[in-house]
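Engineer:
2 protein chains.
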Amino acid sequence: MNDVPSGQSLLFLTDEQLRQGIEAMFFAYRGFTADPDRILEGKAYGRAHHRAIHFINRSPGTTVNNLLSILGVTKQSLNRVLRSLIEDGLVESRVGKIDKRERNLFLTEAGASLERELSDAQRDRMRAAFRAAGPSAVAGFRQVLEAMMDEDMRRHYEALRDRTT
Amino acid sequence: MNDVPSGQSLLFLTDEQLRQGIEAMFFAYRGFTADPDRILEGKAYGRAHHRAIHFINRSPGTTVNNLLSILGVTKQSLNRVLRSLIEDGLVESRVGKIDKRERNLFLTEAGASLERELSDAQRDRMRAAFRAAGPSAVAGFRQVLEAMMDEDMRRHYEALRDRTT
DNA sequence: AGAATACGTCAGCCTTGTTGACATTCCAAG
DNA sequence: CTTGGAATGTCAACAAGGCTGACGTATTCT
Numbered sequence: 185m186n187d188v189p190s191g192q193s194l195l196f197l198t199d200e201q202l203r204q205g206i207e208a209m210f211f212a213y214r215g216f217t218a219d220p221d222r223i224l225e226g227k228a229y230g231r232a233h234h235r236a237i238h239f240i241n242r243s244p245g246t247t248v249n250n251l252l253s254i255l256g257v258t259k260q261s262l263n264r265v266l267r268s269l270i271e272d273g274l275v276e277s278r279v280g281k282i283d284k285r286e287r288n289l290f291l292t293e294a295g296a297s298l299e300r301e302l303s304d305a306q307r308d309r310m311r312a313a314f315r316a317a318g319p320s321a322v323a324g325f326r327q328v329l330e331a332m333m334d335e336d337m338r339r340h341y342e343a344l345r346d347r348t349t
Numbered sequence: 185m186n187d188v189p190s191g192q193s194l195l196f197l198t199d200e201q202l203r204q205g206i207e208a209m210f211f212a213y214r215g216f217t218a219d220p221d222r223i224l225e226g227k228a229y230g231r232a233h234h235r236a237i238h239f240i241n242r243s244p245g246t247t248v249n250n251l252l253s254i255l256g257v258t259k260q261s262l263n264r265v266l267r268s269l270i271e272d273g274l275v276e277s278r279v280g281k282i283d284k285r286e287r288n289l290f291l292t293e294a295g296a297s298l299e300r301e302l303s304d305a306q307r308d309r310m311r312a313a314f315r316a317a318g319p320s321a322v323a324g325f326r327q328v329l330e331a332m333m334d335e336d337m338r339r340h341y342e343a344l345r346d347r348t349t
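Taken in sequence, the protein lines are chains A and B. Each residue of the first sequence is one higher than the one before, counting from 185 in the working numbering. Each residue of the second sequence is one higher than the one before, counting from 185 in the working numbering.
1. Count Cβ pairs between the region 294 to 301 of chain B and the region 232 to 252 of chain B that sit closer than 8 Å; are there 3 or more?
2. Under 9 Å between the Cβ atoms of T258(A) and L289(A)?
3. For N203(A), does the count of other Cβ atoms within 10 angstroms reach 16, so buried, or fall short, so exposed?
4. Please report how far the alpha carbon of R309(A) lies from the alpha carbon of L251(A), in whole angstroms.
5. Decide if I254(B) is buried, meaning its Cβ has at least 16 other Cβ atoms within 10 Å, or exposed.
6. Going by Cα to Cα distance, which pick from N249(B), I282(B), T217(B) and R222(B) is closest to L266(B)?
7. Rounded to whole angstroms, what is the Cα-Cα separation between I270(B) and V279(B)?
8. At the 9 Å Cβ level, is I237(B) part of the contact set with chain A, yes or no?
9. E330(B) touches chain A at which residues, Cβ-Cβ below 7 Å?
10. Is T229(B) close to chain A, meaning its C-beta is less than 9 Å from at least one C-beta of that chain?
11. Tell me which residues share the same chain as R287(A) and place their Cβ nearer than 6 Å to its Cβ, disregarding the 5 neighbours each side in the sequence.
12. What do you get for Q260(B), buried or exposed, if any count of 16 or more other CB atoms within 10 angstroms of its CB means buried?
13. Once DSSP output is grouped into helix, strand and coil, what is the label at E276(B)?
14. Give the single residue among H238(B), D283(B) and A208(B) whose Cα lies nearest to the Cα of V275(B).
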């Protein structure tokens, strides 16, 4: 193991620093989900519905399979969520034009409205954090998070990020 | 609101940037929990057990109430987790010396061993991400996460961080 | 024609969260 | 010394949201 600090200090890689990073992730994620959770409680929906709505809004017309691989859950689990959203008229499922086995998912006006409410709340917190930390901290934040993702997730993340749409 | 971009660009606060931050959090958190989850599956334990073990290890002798407020769950929920860990001999619960109503929680040797296995896996990923991103990115990462926490969680985070122990 | 794909659904299970109710033990204030 | 309240444990019941396995249907590909 020749990881000798070559002049450049590697103090940021001590177990102590890593542990702090881990705990920061844990506590911050709680804040990250707190506001949407608050809005959803009492609305008969949960975090799973939020995630579905978020990614359908982000990629209108996406297929069930694509959503499945982004969310990383089973189709049975997603289906339960999707069914209630469709029944309640927040999501519309259209038979695919080219491949009729597929279903293309869209938010209805009501769905888009809930999405806005949720993402406004979540963005407000993110905005406050970004503003408090400043642009270069934000760049670092993103770099570390990207490096922490699994390969599959990074592909999805980049595909969404690099969109011209 | 006099938050006019004073020469300094505020492009990092656009809705698009914020959305990317949100999605980065979502995808990265999956990676963050993936390795411990893999280790725990088949061991009859889950993420809740991991969290309890982590914070007991971090603060040996902590009380149930303190753990409750760190984890942000109900005592019934924590109790279920704690009971199985105590039964399996991973955690020891000692009656408080000063206040005998309290229970002081400690990891046994077996508990400490599982803790090490889990945190090694989680630290490996964090280390790889930190190393790939570099020290200044790591500083930014931490700054943003801290700013994202709820006030209560930030207090817990800082109390753990600023420990001399 | 037959295999593979995309989707939906039924049934049942697990973990982890919740509320509500209640018992015990013990500290501290009156 | 008694009593109120705090800290803890525990029972029961329930819900959300994961999971597996099996099966059915429509569609498309080979």
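Positions of the beta carbon are idealized from the N, C-alpha and C atoms, including for glycine.
Structural biologist: In this structure, then:
1. yes
2. Position 74 of the first sequence holds residue 258(A). Position 105 of the first sequence holds residue 289(A). No, the Cβ-Cβ distance between T258(A) and L289(A) is not below 9 Å.
3. Position 19 of the first sequence, counted from the start, is the residue given in the question as residue 203(A). Asn is not the amino acid found at residue 203(A); the sequence shown has Arg there. By the 10 Å Cβ count, R203(A) comes out buried.
4. For the purposes of this step, residue 309(A) is taken as the residue at position 125 of the first sequence. For the purposes of this step, residue 251(A) is taken as the residue at position 67 of the first sequence. The straight-line gap from Cα to Cα measures roughly 26 Å.
5. As a first step, residue 254(B) must be located in the second sequence, where it is residue number 70. Burial call: buried.
6. Here the question's residue 266(B) lines up with position 82 in the second sequence. Cα-wise, what sits closest to L266(B) is N249(B).
7. The residue labelled residue 270(B) in the question sits at position 86 within the second sequence. The residue labelled residue 279(B) in the question sits at position 95 within the second sequence. Just so you know, the alpha carbons of I270(B) and V279(B) end up roughly 14 Å apart.
8. Within the second sequence, the letter at position 53 stands for residue 237(B). By this cut-off, I237(B) is not an interface position.
9. Here residue 330(B) is taken as the residue at index 146 of the second sequence, counted from 1. In chain order: A208.
10. The residue labelled residue 229(B) in the question sits at position 45 within the second sequence. Rather than Thr, the amino acid found at residue 229(B) in this sequence is Tyr. Contacts with chain A at 9 Å (Cβ-Cβ) do not include Y229(B).
11. The residue you call residue 287(A) lines up with position 103 of the first sequence. Closer than 6 Å at the Cβ level, and outside the excluded window around R287(A), lie V248 and S277.
12. For the purposes of this step, residue 260(B) is identified with residue 76 of the second sequence, where counting begins at 1. Of the other Cβ atoms in all chains shown, fewer than 16 fall within 10 Å of the Cβ of Q260(B); this residue is therefore exposed.
13. Position 92 of the second sequence, counted from the first residue, corresponds to residue 276(B). Assigned with DSSP and collapsed to three states, E276(B) falls in strand.
14. Numbered from 1 along the second sequence, position 91 holds the residue referred to as residue 275(B). It is H238(B).
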